[in-house]
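Novice: First the structure, then my questions, so here it is.
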Amino acid sequence: MKRIGLLGGSFDPIHVAHVALARTALHALGLDEVQLIPAASPWQRGPLRATPAQRCEMIRLAIAQVPGLALNTIEIDRGGPTYTVDTIRSLPADRRYVWLLGTDQLANFCTWREWQAIADAVDLAVATRPGTPLVPPAELAAHLAAGQRRIETLPFAEMAVSASDIRERVAHDLPVDGLVAEPVRLYIGAHHLYHD
Numbered sequence: 001m002k003r004i005g006l007l008g009g010s011f012d013p014i015h016v017a018h019v020a021l022a023r024t025a026l027h028a029l030g031l032d033e034v035q036l037i038p039a040a041s042p043w044q045r046g047p048l049r050a051t052p053a054q055r056c057e058m059i060r061l062a063i064a065q066v067p068g069l070a071l072n073t074i075e076i077d078r079g080g081p082t083y084t085v086d087t088i089r090s091l092p093a094d095r096r097y098v099w100l101l102g103t104d105q106l107a108n109f110c111t112w113r114e115w116q117a118i119a120d121a122v123d124l125a126v127a128t129r130p131g132t133p134l135v136p137p138a139e140l141a142a143h144l145a146a147g148q149r150r151i152e153t154l155p156f157a158e159m160a161v162s163a164s165d166i167r168e169r170v171a172h173d174l175p176v177d178g179l180v181a182e183p184v185r186l187y188i189g190a191h192h193l194y195h196d
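Numbering follows full-length UniProt numbering, in which position 180 of the sequence shown is assigned residue number 180; successive positions increment by one, without gaps.
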């Protein structure tokens, strides 16, 4: 059975840390593939700046030369508010899935809609900073202890890059070289994204 990593996010825009995390998971966890899943309308954050089509195209550009990474448009295709549990239930059942997340997402995991169903359906792999222990919420730890799933640690050196910072830099005509893949940088410029 193939083992597939799933990395969800707004990807507004996709940046080098997203790609680095996906590549790290691919190799460290021995995955067959990592799928990047752009959200249609994330319910825990404000409106996105780039359109779904633009965000998908930026992902395609960012991973075009990276074997083992793929774009999955399942949430964009479904539209509406994005809930992880709905996405997981819509995936093919003949594979084993690993949901990739950071320690910040792990901390609020139990606020996600039907988080118990998510924890029962996929393994969780958490990107931790060097020297930072992995401490899941008590509710999640107890739930996993009673079931067949686990949390895997994904050692990942934190990168000082964020999509909000990139948007801010573009809006003020500051360079974003090295923060996004070069084809993504050119796409942002050609489509005048993130300028107010």
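From the three backbone atoms N, C-alpha and C, an ideal C-beta is built for every residue, glycine too.
Please name the residue in Q35, I59, A28, A40 whose C-alpha comes closest to that of E182.
Specialist: I59
Novice: Since H52 and A40 should fall inside the 8 Å C-beta cutoff, what is the C-beta to C-beta distance between them, to a whole number of angstroms?
Specialist: Looking at the sequence provided, one finds Pro at residue 52 rather than His. The pair is a contact, with the Cβ atoms about 6 Å apart (cut-off 8 Å).
Novice: Check L140 in the structure and name its three-state DSSP category.
Specialist: helix
Novice: Does the beta-carbon of R55 have 16 or more other beta-carbons within 10 angstroms, so that it is buried, or is it exposed?
Specialist: buried
Novice: Strictly by DSSP, which residues pair up with I188?
Specialist: DSSP lists no partner for I188.
Novice: Less than 8 Å between the C-beta atoms of L101 and L71, yes or no?
Specialist: no
Novice: Span of the alpha helix (DSSP H) holding D120?
Specialist: Secondary structure note for D120: its alpha helix (DSSP H) is the uninterrupted segment 115–121.
Novice: Contact check, residue 264 vs T103 under 8 Å by CB: the rounded distance?
Specialist: Since the first residue shown for the chain is 1 and the last is 196, residue 264 is missing from the structure and cannot be characterised.
Novice: Thinking C-beta only, is I74 closer than 8 Å to L31?
Specialist: Taking 8 Å as the Cβ cut-off, L31 and I74 do not qualify as a contacting pair.
Novice: Per DSSP, V126 is paired with what?
Specialist: L101, T153
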